[in-house]
Amino acid sequence: MAERFETESRKLLGRLRDEMAGDATGQMRLDKITSLIATSIGSEVCSVYLFRDEDTLELCATEGLNPEAVHQTRLRLGEGLVGRVARRRQVVNTANAPQESGFRFMPETGEEVFSSFLGIPILRLGETLGVLVVQSKQSREFSADEVYALEVVAMVLAEMAELGAFVGEGSAMGARHSQPTMLRGTVAQEGVAEGHIWLHEPRVVVTNPVADDPKRELERLNEAVEELRVGVDKMLTNASADKEQKEVLEAYRMFANSKGWMRRMEEDISSGLSAESAVEKEQSLARARIGQATDNYLRERLSDLDDLSNRLLRILTGQGADTGAEMPENPILVARNIGPAELLDYDRKLKGIILEAGSVGSHAAIVARALAIPLIVHVERATLEALNGDHVMVDGEQGIVHLRPDDSVVSAFRDKMAMQAAATERYASIRDKPAQTLCGTVIGMHMNAGLMADLPSLQGSGAEGVGLFRTELQFLVRNKMPQRSELSALYARVLEAANGKRVAFRTLDIGSDKVLPYMKPNDEPNPALGWRAIRVGLDKPGILRMQLQALIRAANGRPLTVMFPFVAQYEEYTQAKAEMDKAMDRERRLGHVLPSEIEVGAMLETPSLAFAPQKFFEEVGFLSIGGNDLKQFFFAADRENERVRRRYDTLNISFLSFIERIVERCAQTNTPLSFCGEDAGRPVEALCFAAIGMRSLSMRPASIGPVKSLLRRSNLEEVRKVIMDSRHRGDMSARPAVMEYLRGQK
Ligand code: PEP
Ligand code: MG
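939 is the number that this note's numbering gives to position 189 of the sequence shown; each next residue is one higher, with no gaps.
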């Protein structure tokens, strides 16, 4: 950049910083800033548009346009040239604005006399806060130096906005992060909660966007980059031979050594930005590009750069992931995404979870369900909008997050919470009654569990036993492989807490998204179809044997129920069962007390097992349908992929017919059958399963009340007829017909 510009730019930034330090109101600051910029750049007009809400931009200050238009002129996102800059997050630089496509004339501003237009997005960490515009009468394009200088100014404006510099009396703009905001997402676990935000990864705050001493800032940048480089190199040498991880780290190294990236940041610093602002400026631009990149490879590399910038920012600001902030009361977690193990680390402290990514079928969601914590996924902008400690209400019925809610929302929401408490009380009144339908059929109601802390629900929910105990949760919470003695003590505690009720322990189901932190991750192209669950157990039987021994010892003379996950063919069952028999023999020889009775079963989670030979059905002790996996394989639709996950309804006639077929095969051989996927906890789904012959269901404890309540009010024969009629008509799903029938029953 030309030297004259550098000096000019530094001078301008110095003035902006003085403005920020002064004690003017937000509006006065903005007015002053627009006039400073116009003078400095030699243009007649300088205006700042900021977002009022998610898709409305408001003219907040101007030098050169009609002052009366301030806070009056508003544009939708994408509307006019200003709206286009905001939507595309790209500069628009034109000598003849009125002839530009998309130009929208706003008579109240008096802008018709200005022909050149330069619009710069005001970005912070990929979030568009507004648009900075300069205009002039003379028809000319702005030079690259001018564009660059204004990009730097826009960066400082973004930081100032973030720090609340434009808020206050006289300014129609509320403080960023202080206005009530409503965000929408997808419900992954129902429930309502009120509490305060706890950011899984706190935002980095930059308090010094402008710096006086570029030399010192360059040194700081270089030192930080060096620390980053050393860190990445260390990760590379430490990393196990895992290919994917290595590739990512190589990409990191490439960026950390990238001349282009460094050069741009050095230029930013020369123009007057502090080292952290320079990093943020480049990071914002990269994030804006991520949004536009269609090429996967490029997107991934830009995400790597984003991650690297985050690390650099944390080094520069000293704001590590652990900022020492104290967790507020009733914490509601906000994160881009979270794994099941990380979630378990929080234990039961959380009252709610809000994720920008995530998916309903993921194991993090299952953990949230096991912990009965309301969870909303796909909440766009959550990590941008929320600040640690913000008051928040999570509506896990509607999938709505009320951030910093106003009084009317607070009172309506509290009414809703009270109503839910009343419903819970109603369910409590049928807790000890059987799930007996109007036609007299009794459905077994069991609960899913995975943590010791789930066991009290066995009494509270009225479940007859634990139909699925996910043993992997105990492996996921640790950072090293648990020992046999630890496991056996734990399983014994579970059996004691169950107090004679049946607990079906499922052996370790790892792989897919359940990755043990202490096991080398596998480089699998398709982990859901990969080396997981019983496949790992049979190929590397050490852990399986250890677990079976722990279970036998835990039973210590009591009955024991064990089931194997993800059995796809008869032989896998016979091999696993042989391991069980061997374990019994070994324990007998070692003189341990054996279980009084032993039941060994399998989970039916792959369509293939439904077509296993007759002798499988005769031999297996019982079957439990893992509907989450079974459905994903039946429809070939990834349970974690939101795009396809909901495409196929559980009440789809093909799926119901398939379940019915399994019911029939089990009936022929008198094989006990139950259903333990998440769908068993959805009242309408559970009712339909019962109507096609399922006699035992296992679900999260909180669902038992609602499911039982519907079953007790229903006539299964009638529901069965509704489903059969729907099938004969050739409906795709039985849901519309069943829902209509249920409405008629009210
Ligand atoms: C299932 O697949 O339905 C199941 C119960 O197992 P998980 O959700 O743990 O894979
Ligand atoms: Mg499963």
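In this text, a Cβ means the ideal position worked out from N, Cα and C, and glycines have one as well.
Pair within 8 Å by beta-carbon distance, residue i and residue j
{"i": "S1109", "j": "V1084", "result": "no"}
{"i": "G935", "j": "V1129", "result": "yes"}
{"i": "A703", "j": "I947", "result": "For residue 703 there is no data in the structure shown, the boundaries of the chain being 751 and 1496."}
{"i": "L1226", "j": "R1308", "result": "no"}
{"i": "M1313", "j": "S1262", "result": "no"}
{"i": "F892", "j": "L868", "result": "yes"}
{"i": "F1383", "j": "T1356", "result": "yes"}
{"i": "R839", "j": "A1038", "result": "yes"}
{"i": "R1154", "j": "D1140", "result": "yes"}
{"i": "Q1299", "j": "R1234", "result": "yes"}
{"i": "L1134", "j": "E877", "result": "yes"}
{"i": "R826", "j": "T806", "result": "yes"}
{"i": "A1036", "j": "L1063", "result": "no"}
{"i": "R890", "j": "S928", "result": "no"}
{"i": "L1058", "j": "L978", "result": "yes"}
{"i": "D1259", "j": "R1220", "result": "yes"}
{"i": "C810", "j": "L762", "result": "no"}
{"i": "M1482", "j": "N1402", "result": "yes"}
{"i": "E794", "j": "I783", "result": "no"}
{"i": "R1181", "j": "G1212", "result": "yes"}
{"i": "G941", "j": "T1174", "result": "no"}
{"i": "A1248", "j": "L1201", "result": "no"}
{"i": "S719", "j": "L1466", "result": "Outside the displayed span of the chain (751 to 1496) sits residue 719, for which this structure offers no information."}
Close Cβ partners of residue i (< 7 Å) along its chain, the five nearest in sequence each way excluded
{"i": "F1366", "result": "Y1320, Y1323"}
{"i": "G1089", "result": "A1114"}
{"i": "R1411", "result": "A1360"}
{"i": "S1464", "result": "T1187, L1188, L1437"}
Ligand 1 heavy atom lying under 7 Å from the CB of residue i
{"i": "D1204", "result": "no"}
{"i": "N1391", "result": "no"}
{"i": "I1116", "result": "yes"}
{"i": "R1285", "result": "no"}
{"i": "P1427", "result": "In the sequence as displayed, the identity of residue 1427 is Gly instead of Pro. Checking every heavy atom of ligand 1 against the Cβ of G1427, one is found closer than 7 Å."}
{"i": "D1273", "result": "no"}
{"i": "L1134", "result": "no"}
{"i": "E1368", "result": "no"}
{"i": "R1220", "result": "yes"}
beta-carbon residue i near ligand 2 non-hydrogen atom, thresh 7 Å
{"i": "G1351", "result": "no"}
{"i": "D962", "result": "no"}
{"i": "F1316", "result": "yes"}
{"i": "G830", "result": "no"}
{"i": "G1376", "result": "yes"}
{"i": "D1095", "result": "no"}
{"i": "V1018", "result": "Correcting the residue identity first, residue 1018 is Asp in this sequence and not Val. Outside the cutoff, so no."}
{"i": "E1550", "result": "Here the chain has residues from 751 to 1496 only, and residue 1550 is not among them."}
Close beta carbons around residue i, own chain, < 8 Å, minus the five adjacent residues each side
{"i": "E909", "result": "R874, V956, P959, S1027, E1030"}
{"i": "E818", "result": "E858"}
{"i": "R1164", "result": "E944"}
{"i": "K1099", "result": "M1077, P1081"}
{"i": "E1347", "result": "P1309, L1310"}
Proximal residues to residue i (C-beta, below 6 Å), its chain only, five neighbours per side dropped
{"i": "V1457", "result": "P1433, A1436"}
{"i": "G1431", "result": "M1449, R1450, S1453"}
{"i": "K1496", "result": "none"}
{"i": "A991", "result": "Residue placement at A991 is poorly supported in this model, since its pLDDT is 43, which falls under 50; the coordinates are not used for a value here."}
{"i": "A922", "result": "Reliability of the predicted coordinates at A922 is poor, the pLDDT of 44 falling under 50, and the value obtained from them is presented with this limitation in mind. Closer than 6 Å at Cβ, skipping near neighbours: H821."}
{"i": "R767", "result": "V960"}
{"i": "S1020", "result": "E756, P964"}
{"i": "R1462", "result": "none"}
Residue i, enclosing beta strand (DSSP E) - first and last residue
{"i": "H1141", "result": "1141 to 1145"}
{"i": "E944", "result": "942 to 949"}
{"i": "A1352", "result": "1348 to 1354"}
{"i": "G880", "result": "877 to 886"}
{"i": "V1192", "result": "1192 to 1199"}
{"i": "I1454", "result": "Here I1454 belongs to no beta strand (DSSP E); instead the alpha helix (DSSP H) covers 1451 to 1462."}
Terminal residues of the alpha helix (DSSP H) in which residue i lies
{"i": "L873", "result": "Note, L873: premise wrong, no alpha helix (DSSP H); beta strand (DSSP E) at 866 to 874."}
{"i": "D1097", "result": "Segment: none, D1097 is in no alpha helix (DSSP H) and carries neither H nor E."}
{"i": "C1426", "result": "Note, C1426: premise wrong, no alpha helix (DSSP H); not H, not E."}
{"i": "P817", "result": "Per DSSP, P817 belongs to no alpha helix (DSSP H) and is neither H nor E."}
{"i": "D1481", "result": "Looking at the DSSP string, D1481 is not in any alpha helix (DSSP H), and its letter there is neither H nor E."}
{"i": "R1282", "result": "R1282 -> no alpha helix (DSSP H), and no H or E assigned at all."}
{"i": "E1321", "result": "1320 to 1339"}
is_contact[residue i, chain C] using C-beta, thresh 8 Å
{"i": "K1327", "result": "Of the protein chains in this structure there is only one, and it is not chain C."}
Quick check on the DSSP output: what are the complete beta strand (DSSP E) runs of length 3 or more inside the segment 1114 to 1162, in order along the chain? Qualifying beta strand (DSSP E) stretches, in chain order: 1125 to 1127, 1141 to 1145, 1150 to 1153.
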